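These notes concern the structure reproduced below.
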Amino acid sequence: MHLVVDAANVVGSRPDGWWRDRAGAAARLVDGLAAALRAGALDGPVTVVLEGAARSGVSPGPALVAGLTVANAARDGDSAIVALVDALLAGASAADTAGGAAAGGNTAGGVAAGGVAAGGVAAGGVAAGGNAAGGNTAGGVAVVSADRALGERARAAGATTLSPSWLLGRLRGLSDR
């Protein structure tokens, strides 16, 4: 199962002061996801989609752990997430799709490598140990978000949805290990 994480929605699901430091909150989420992958609390791949001020907290591309990629939404994070779901379910890795879009494909709501397309996602490529952004979609794609409209769009595209509490439950306590 490839997890696509709506970072704004997951971070916003906890009233822990995230609004005072959106970039820091995004960095803490990505750090938590990396720890969960290392500890086996999550199976990869995981793509985290950041938007707005949160984008400055983490550089897009493969994170420090195999199986985790950070993607920046240019404007509309929900449309970028749905475009990523479409690409992943079509059998392409996010990195492969990014290359195609950057080479002149449809970037409206799509994916672009190394830069940001109109309404799209800046996606990373290959991390140590394999393609961090795609490949393992045999179990499908799940979008982690409590946003009802995004959930409907994701399910219409063929993904399942998981709640932020499901994800946060897997992250809880990992920093104590």
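Add 7 to a position in the sequence shown, counting from 1, and you land on the number used in my numbering.
In this text, a Cβ means the ideal position worked out from N, Cα and C, and glycines have one as well.
No experiment lies behind these values; they were computed from the predicted model shown.
Simplified DSSP state of residue i, which is helix, strand or coil
i, result
"Val-72", "coil"
"Leu-57", "strand"
"Val-65", "coil"
"Leu-10", "strand"
"Leu-49", "coil"
"Ala-153", "coil"
"Ala-41", "helix"
Residue i burial status per 10 Å Cβ neighbour count (16 or more: buried)
i, result
"Asp-85", "buried"
"Gly-98", "exposed"
"Asp-23", "exposed"
Cut-off 8 Å between Cβ atoms - residues of its own chain near residue i, not counting five sequence neighbours on either side
i, result
"Asp-154", "Asp-13, Asn-16, Asp-85"
"Ala-43", "Leu-49, Arg-177, Leu-178, Leu-181"
Contact check, residue i vs residue j, beta carbons under 8 Å
i, j, result
"Leu-96", "Ala-161", "no"
"Val-37", "Ala-87", "no"
Nonlocal neighbours in the same chain, by C-beta distance under 7 Å from residue i, ignoring five residues either side
i, result
"Ala-30", "Ala-60, Ala-61, Ser-63, Gly-64"
Close-in-space but distant-in-sequence residues of the same chain around residue i (CB under 6 Å, 5 per side omitted)
i, result
"Ala-32", "Val-18, Trp-25"
Under 8 Å, with one C-beta from each stretch per pair, do the region 60-67 and the region 41-52 reach the 3-pair mark? No contact exists between the region 60-67 and the region 41-52.
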